[in-house]
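Everything below concerns the one structure shown next.
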Amino acid sequence: MTIHSHDIHQQLTAYLQPNLASYLDLLRQMVSINSYTANAAGVNAVGDLTAAAFADLGFTVEKVPSANPAYGCHLVLTRPARSSPADAPQIGLVSHLDTVFPPEEEAANDFSWRREGDRCYGPGTVDCKGGTAGIYMTLAALQAVAPQAYDAVTWVVLVDASEERDAFDFQDLCLRRLAGNTLACLIYEGGFTENGAYTAVVARKGMAVYHVTVEGRGAHAGSAHEEGANAIVQLADTIGRIAALTDYGHELTFNVGRVAGGTVTNRVPHRPRPGSRCAPSRPTSLNMASSRCWPWPASRRCAAPTAALPAGCASTSSSRPHPGRATRPPSASWPCGSRPAPPWARRWRPRSGAA
Ligand SMILES: [Zn+2]
């Protein structure tokens, strides 16, 4: 079986062009459903729509619940090779169902499907409902233009229900389903445009998630303010230091994405907790991140206490790093938790129950 690249492109284009309106309508339907990751019903509705579309191409659907029960179901859509499916090569195609805007944020900003000229706008139009539509278009065109090639391969379309969150079960699902005779796994995340040309994403950043806990000392804000150590104040300083670790020259970014802490305004808070996502591009960058962050020198990890305002202490933990191209767990060079606390930090341990 030989496919000549010089005319396959023309044939695929000739097939896709007259069908463009139907593909855009499929994309419009997907974008019109809010599929914020925590909106499991919406994510599953997009999943049902996706499964119905791919059924037309001969795909069967398997729905795999997310490890986090608050999220929707991943999709595994399979179309076995026509002959000897057990021995046939397979190709994985990956996209995701979820998007990042809650329904109320979409409504408040009028984030909805619209077309302007040759561009479409709306939540997930590129990331990644457009990717799913792209997979559909690729396979539909291949089936029509090169049926022998289409039938010779087992196609496995894997669609993540919780890609926009720090969930790791989908990657394990992909590795299990694409074990064996897999030729390639193609990710359909859209790229940027450069000088009017469209680009493809050919690699993804790795990721490590850091949880930073800041400890101060609780006290009544009115009657005993001077006895407290305000952990939120310390946290604000710590967040700035984390953000300053971003190094675009080495494609290393730190994003403080979530902050929680404090209870009431009449209490000096003793333990807020931000979550920070570190996105290195390669293992060396992740190692660089680890060496820059942890162990911080004591003067950087913890502001020195003063008699007037004893400061808090920043300590860290990590979750599993993204396995993409970042392969070394940051905890391997991350002794913060195992280091003995400096004497002043032990002295200023938070006092529970202060109010
Ligand atoms: Zn995406």
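At position 140 of the sequence shown the residue is numbered 139 (numbering that gives the first Met the number 0), and the sequence of numbers has no breaks.
Don't be surprised by glycine CBs; every beta carbon is placed ideally from N, CA and C.
These numbers were taken from a predicted model, which means no experiment stands behind them.
Quiz prompt | Contact test: residue 173 Cβ vs ligand 1 heavy atom, cutoff 6 Å | solution = no
Quiz prompt | Short Cβ contact (7 Å threshold) for residue 237 with residue 245 | solution = no
Quiz item: Are there 16 or more other CB atoms within 10 angstroms of the CB of residue 214, so buried, or fewer, so exposed?
Solution: buried
Quiz item: In its own chain, which residues sit with a C-beta less than 7 Å from the C-beta of residue 39, not counting the 5 before and 5 after it?
Solution: 69, 70 and 71
Practice problem: Please report the residue range of the alpha helix (DSSP H) in which residue 103 lies. | Solution: 102 to 108
Practice problem: Evaluate contact between the region 170 to 186 and the region 87 to 104, counting only Cβ atoms and requiring at least three cross-stretch pairs below 8 Å. | Solution: yes
Self-check item: Pocket of ligand 1 defined by Cβ to heavy atom distance under 6 Å
Solution: 95, 126, 127, 162 and 188
Quiz item: For residue 10, which three-state DSSP category applies?
Solution: helix
Quiz prompt | Contact set for residue 140: own chain, Cβ-Cβ below 6 Å, skip 5 residues either direction | solution = 11, 14 and 15
Exercise. Return the CA-CA distance between residue 195 and residue 227, expressed in angstroms with no decimal places.
Key: 57 Å
Exercise. Compare the beta carbon distance of residue 260 and residue 241 with 7 Å and say whether it is the shorter of the two.
Key: no
Quiz prompt | Among 80, 254 and 225, nearest to residue 59 - alpha-carbon criterion | solution = 80
Quiz item: Measuring CA to CA, which of 125, 87, 105 and 157 is closest to residue 147?
Solution: 87
Self-check item: heavy atom of ligand 2 below 6 Å from residue 25 C-beta
Solution: Of the ligands one can find in the structure shown, namely ligand 1, none is ligand 2.
Quiz item: Anyone know if the C-beta pair for residue 101 and residue 110 falls short of 7 Å?
Solution: no
Exercise. Decide if residue 355 is buried, meaning its Cβ has at least 16 other Cβ atoms within 10 Å, or exposed.
Key: Here the chain covers residues 0 to 354 and nothing more, so residue 355 does not appear.
Practice problem: Hey, could you find the ends of the beta strand (DSSP E) residue 257 is sitting in? | Solution: 251 to 259
Self-check item: Supposed contact pair residue 208 and residue 165 - C-beta distance, whole angstroms, cut 8 Å
Solution: 5 Å
Quiz item: Can you name the start and end residues of the alpha helix (DSSP H) that residue 25 belongs to?
Solution: 19 to 31
Exercise. Tell me whether residue 176 sits in a helix, a strand or coil according to DSSP, three-state version.
Key: helix
Quiz item: Identify the residues that DSSP records as bridge partners of residue 197: which are they?
Solution: 192
Self-check item: Sub-7 Å separation of residue 129 and residue 190 beta-carbons
Solution: no
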